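Take a look at the structure below.
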Amino acid sequence: MKKQVLGRGLNALISTEEVKTDGSSIINEIDIDFIEANPNQPRTDFDEEALAELSDSIKENGLISPITLRKIDDSRYQIIAGERRYRASKMAGLTKIPAYIRTADDEQMHIMALIENIQRADLNAIEIALGYQKAMNDFDLTQEKLSERLGKKRTTIANFLRLLKLPAEIQLGLKDRKVDMGHARAIAGLSEPTNQIKVYEAVVKNGLSVRATEAMVKQIALNNGNISGKEKPQKFVSEEYDNLKKELSQLFNTKVNLQYNEQGKGKISLSFDSDDDLMRIMSILDKLKTD
């Protein structure tokens, strides 16, 4: 079976033999009171401020992009795609709304709504994961079958579903976009929820990049999951700390070592070869105190 391509849009999702259209390429003006929301809408969060801005734009310019509906009966329609535009149109006081009409069963409707929202980047990572999970549960789809419906790689589906096994605090952070998919995927590589939360908190607090998060996770794995502070310190590799190390080495005329751990704690150690060498270093420190 040929895979559907996500970039081709909703028309590529289902063959013409599978879905009958009711003037699906024609824009219809539908009474807004006859339209109801999709109870399985993948998107759960609607930014009220952004919704108000869209409503103001619709008042000024009308609704430029039609929504997509399916007909339930002679006088009722259900939203396949465009609930945000529908809500803003109601706020703007429109009585009719431009729409494309399609005939689709529940599975097709759910997949089409997922594609529409993903293409518009309207969903956060958790909403996408929940949408995938619901489609699989409701329509008895495997990850492979769902990937064919969406035109996505199976590994992409699997990576999103793994997010649902993360602690609730991290899932909420994803919904609020405090961290992104790359951070969460790295954190999901840890088996212990306590370690996952500690890494998540470090990412949020310190604004860590995905690469830095991956390095932290790798270090925890090397320490057999230990993140309690007893782990073997990791050597700094950044240019800034290398330069500091060189400056200290020149100042004390001895070997200097810089180390740190995942909590941002570390130590500086100075080497000496004899008691006389130690006294020399101490005299430099004393001089620094008086300067």
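Numbering (our numbering), first residue to last: 1320 to 1610. Every residue gets a Cβ at the ideal spot worked out from N, C-alpha and C, and that includes glycine. A quick note: this is a predicted structure, and the numbers were derived from the prediction, not measured.
{"Item": "Assigned exposure category for Gln1427 - 16 Cβ within 10 Å defines buried", "Value": "buried"}
{"Item": "Cβ neighbours of Tyr1451 in the same chain (closer than 7 Å, five flanking residues each side left out)", "Value": "Leu1465, Ile1476, Phe1479 and Leu1480"}
{"Item": "Beta-carbon spacing of Arg1468, Ile1437 below 8 Å", "Value": "no"}
{"Item": "Alpha-carbon spacing of Met1535 relative to Ser1588, whole angstroms", "Value": "23 Å"}
{"Item": "CA nearest to the CA of Ile1383, picked from Pro1417, Glu1367 and Leu1482", "Value": "Pro1417"}
{"Item": "Given 8 Å, three or more beta-carbon pairs between the segment 1502 to 1510 and the segment 1480 to 1490", "Value": "yes"}
{"Item": "Rounded C-alpha distance that separates Ile1603 from Met1500", "Value": "50 Å"}
{"Item": "Close Cβ partners of Pro1512 (< 6 Å) along its chain, the five nearest in sequence each way excluded", "Value": "Pro1486"}
{"Item": "Cβ neighbour criterion (16 or more within 10 Å) applied to Pro1358", "Value": "exposed"}
{"Item": "8 Å Cβ shell around Leu1370 - same chain, five flanking residues per side excluded", "Value": "Arg1403, Arg1406, Ala1407 and Met1410"}
{"Item": "Residues of its chain near Ile1354, where Cβ-Cβ distance is below 6 Å and the 5 sequence neighbours each way are ignored", "Value": "Tyr1396"}
{"Item": "Same chain, Cβ closer than 7 Å to Glu1463, neighbours up to 5 away in sequence not counted", "Value": "Arg1473"}
{"Item": "Contact set for Lys1390: own chain, Cβ-Cβ below 7 Å, skip 5 residues either direction", "Value": "Asp1341, Tyr1396, Ile1420 and Thr1422"}
{"Item": "Helix, strand or coil at Asn1478 according to DSSP, with G and I counted as helix", "Value": "helix"}
{"Item": "Between the CA atoms of Arg1599 and Lys1606 - distance to the nearest angstrom", "Value": "11 Å"}
{"Item": "Residue from Ser1568, Lys1564 and Gln1569 with nearest C-alpha to Leu1577", "Value": "Lys1564"}
{"Item": "Ser1547 in three-state terms, based on DSSP", "Value": "At Ser1547, the pLDDT of 43 sits below 50, so the modelled position is not reliable; the number obtained from the coordinates is stated separately. Ser1547: coil per DSSP, three-state reduction."}
{"Item": "Identified DSSP bridge partners for Leu1577", "Value": "Ile1587"}
{"Item": "Proximity below 8 Å, CB of Ile1523 to CB of Leu1509", "Value": "Inspection of the sequence shows that residue 1523 is occupied by Val rather than by Ile. It is not a contact, given that the beta carbons lie outside the stated cut-off."}
{"Item": "Exposure of Ser1374, with buried meaning 16 or more beta-carbon neighbours within 10 Å", "Value": "buried"}
{"Item": "Supposed contact pair Lys1494 and Asn1443 - C-beta distance, whole angstroms, cut 8 Å", "Value": "5 Å"}
{"Item": "Same chain, Cβ closer than 7 Å to Ala1448, neighbours up to 5 away in sequence not counted", "Value": "Phe1479, Leu1480, Leu1482 and Leu1483"}
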